[in-house]
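In structure tokens form, the structure reads like this:
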């Protein structure tokens with residue numbers, strides 16, 4: 017009996033091997049593909065590594081020729097000098113941080129809520145003018161912020177929002193990229209899932225928060241990355257004039273333009289400006305991949 021069982025297991029094992037799909041490329045091809053991917057990874061990580069090492073270099077190494085990629089005598093003097101310089105300003109360093117964090121958090125949260133709600137209605141319901149509205153959003157994607165600066169300024173000025181946080185926050189709510197991304201992703205959500213929730217007694221709000229948003233997590237995580245990056249790096253110098261409402265990036269760039277004597281501080285500024293978007297991307301990227309791998313819904 018045991019011999020028969022062993023034979024059946026061997027047969028099953030052979031069938032599994034036959035059913036396995038073998039790649040139609042050679043090991044040499046795989047080797048060159050991995051080499052290419054490795055080179056691309058090095059090319060993409062190099063600017064980040066170089067910027068961090070430049071911020072850790074003393075002044076004599078920053079002016080060394082030919083320049084060295086890695087710091088020979090790493091030090092945090094550039095960061096401490098930067099904080100000393102910022103502390104001499106009549107507006108405190110913490111105030112600049114508060115301004116940037118407030119604008120980034122409120123702008124991102126509002127953009128996420130408004131874009132998600134609008135995308136849900138456009139993606140899952142048919143109503144007069146819905147397609148026209150979406151076409152307007154798609155058309156808006158073709159225009160950069162530089163093209164719309166003058167009409168935006170005139171509208172914000174008419175509303176009395178010049179020199180306030182709302183001049184940056186409110187326009188961030190209506191960025192077309194987030195709306196387009198959410199709408200395209202929500203179209204892949206099965207309508208049967210929404211109808212089943214309604215049959216169980218869920219209202220529109222419960223369907224939206226309990227069914228739709230958890231299943232489009234990759235889309236809104238990606239949208240958060242783009243929104244945070246745009247708002248965190250926004251100088252806001254066109255709409256905000258009061259020094260106590262200036263953003264951190266604006267203040268740091270003023271330090272950065274201080275000449276050769278502040279070269280080390282300028283390198284530290286570059287790291288501080290980019291560190292928040294990079295950290296958010298690193299944490300969100302793993303969640304996006306994990307969610308995408310486990311959310312294969314089909315109607």
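In my numbering, the protein residues as written are 17 to 315.
We put the CB at the ideal spot given by N, CA and C, even for glycine.
Nothing here was measured: the structure is a model prediction, and the numbers come from that model.
Nearest-angstrom Cβ-Cβ length linking residue i and residue j, presumed shorter than 8 Å
i: residue 198; j: residue 236; result: 7 Å
i: residue 265; j: residue 292; result: The pair is not a contact, with the Cβ atoms about 10 Å apart (cut-off 8 Å).
i: residue 250; j: residue 184; result: 6 Å
Sequence-distant residues of the same chain with beta carbon closer than 7 Å to residue i, five excluded per side
i: residue 259; result: 107
i: residue 257; result: 179
i: residue 94; result: 71, 280, 281, 283, 284
i: residue 217; result: none
i: residue 297; result: 241
i: residue 146; result: 138
Spatially closest choice to residue i from the options, by CA coordinates
i: residue 70; options: 58, 229, 85, 124; result: 85
i: residue 244; options: 158, 183, 128, 180; result: 128
i: residue 267; options: 60, 91, 102, 58; result: 102
i: residue 118; options: 181, 51, 68, 176; result: 181
i: residue 104; options: 298, 271, 296, 113; result: 271
i: residue 166; options: 289, 67, 49, 255; result: 255
i: residue 131; options: 190, 212, 215; result: 190
i: residue 204; options: 187, 261, 233; result: 233
i: residue 273; options: 58, 46, 98; result: 98
i: residue 1; options: 278, 269, 299, 287; result: A question about residue 1 goes unanswered here, because the residues of the chain that appear run from 17 up to 315.
i: residue 195; options: 263, 176, 151, 169; result: 151
i: residue 116; options: 262, 207, 299, 200; result: 262
i: residue 252; options: 56, 47, 187; result: 187
i: residue 120; options: 248, 60, 299, 287; result: 248
i: residue 140; options: 51, 299, 207, 67; result: 207
Contacts around residue i, its chain only, beta-carbon distance under 8 Å, and the 5 residues preceding and following it disregarded
i: residue 193; result: 157, 239, 242
i: residue 294; result: 64
i: residue 92; result: 72
Residue i: CB within 7 Å of a non-hydrogen atom of the ligand GDP
i: residue 253; result: This structure simply doesn't include the ligand GDP, nor any ligand for that matter.
Under the three-state DSSP convention, the category residue i falls into
i: residue 173; result: helix
i: residue 84; result: coil
i: residue 8; result: What is shown of the chain runs 17 to 315, which leaves residue 8 out entirely.
i: residue 206; result: coil
i: residue 158; result: coil
i: residue 69; result: helix
i: residue 13; result: This structure cannot speak to residue 13, because the chain is shown only from 17 to 315.
i: residue 296; result: helix
i: residue 152; result: helix
i: residue 90; result: coil
Sequence-distant residues of its chain with Cβ nearer than 6 Å to residue i (five each side left out)
i: residue 73; result: 87
For this session: State whether the stretch 218-230 contacts the stretch 122-142, with contact taken as three or more CB pairs (one from each stretch) at a distance under 8 Å.
Result: Yes: the two stretches touch, three or more of their Cβ pairs being nearer than 8 Å.
Exercise. Is the stretch 109-128 touching the stretch 152-169 in the sense that three or more CB pairs, one from each, lie closer than 8 Å?
Worked result: The stretch 152-169 vs the stretch 109-128: no contact.
Problem set entry | Three-pair Cβ contact test at 8 Å for the stretch 278-285 versus the stretch 71-90 | Taking a cut-off of 8 Å on C-beta distances, the stretch 278-285 touches the stretch 71-90, as three or more cross pairs fall below it.
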